[in-house]
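Each residue of the sequence shown is one higher than the one before, starting from 31 at the first, in our numbering.
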Amino acid sequence: MKTKKKNRFLTFCFSLMPGAAEMYMGFMRTGTELMLFFLGMIMIPSFLGLEGLSILAVVIWAYGFFHANHLASLSDEEFAQVEDNDIFGMELFQKGKKKLQGNSRGIAVLLIVLSLILAVKAVTTISGQKKNA
């Protein structure tokens with residue numbers, strides 16, 4: 031889908047959901063990543079019982095809102111030069127066998143940390159139940 035400037039009012043309305051306005055303007059990769067990051071920052075901390083980290087979802091929402099409205103305010107020439115790049119250079123949607131090349135170590139560390147957090151929570155929950163019994 032080719033990117034194209036769209037109706038400013040609809041862009042504003044879509045910008046209320048991170049990523050939706052970018053998708054509306056044809057920046058599918060950017061929009062999908064923003065939406066995934068936003069929803070992930072709500073669901074993952076809730077799942078881990080770390081609801082305080084959900085505040086990062088507000089940061090992602092603000093970034094998406096201002097990014098979409100900035101794109102909409104560009105002149106036609108500037109808008110035509112904008113590329114649909116990965117937000118954080120993660121190349122999540124890169125084609126080929128090396129989709130997560132360069133990010134595998136970071137992802138592994140993240141998964142290990144999340145596993146440790148879950149293990150500690152499980153141990154503290156079990157020990158808390160034993161004390162109450």
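Cβ atoms here follow ideal geometry from the backbone N, Cα and C, with glycine treated the same way.
Here the region 40-50 makes contact with the region 97-104; the two share three or more CB pairs at distances below 8 Å. Residues of the same chain with their beta carbon placed closer than 8 Å to that of Glu107 are lacking, with the five preceding and five following residues left out of the count. The DSSP assignment places 58-78, 85-103 as complete runs of the alpha helix (DSSP H) inside the region 51-106, in order along the chain (cut-off: 4 residues). Per DSSP, reduced to three states, the secondary structure at Ile117 is coil, with no helix or strand assignment. Judged by DSSP in its simplified three-state form, Lys36 adopts coil rather than helix or strand. For the 8 Å CB-CB criterion, Leu64 and Gly94 form a contact.
DSSP places Ser45 in the coil class of the three-state scheme, outside both helix and strand. Linking Leu148 to Glu52 through their CA atoms gives a straight-line distance of about 34 Å. C-alpha of Leu86 to C-alpha of Gly79: approximately 15 Å in a straight line.
Pairing Ile117 with Val150, the inter-Cα distance amounts to about 32 Å. Apart from sequence neighbours up to five positions away, no residue of its chain approaches Leu141 with a beta-carbon distance below 8 Å. Distance from the CA of Met55 to the CA of Arg135, rounded to the nearest whole angstrom, comes to 34 Å. Non-local C-beta neighbours of Ala50 in its own chain, meaning closer than 6 Å and more than five positions away in sequence, comprise Phe44, ordered along the chain.
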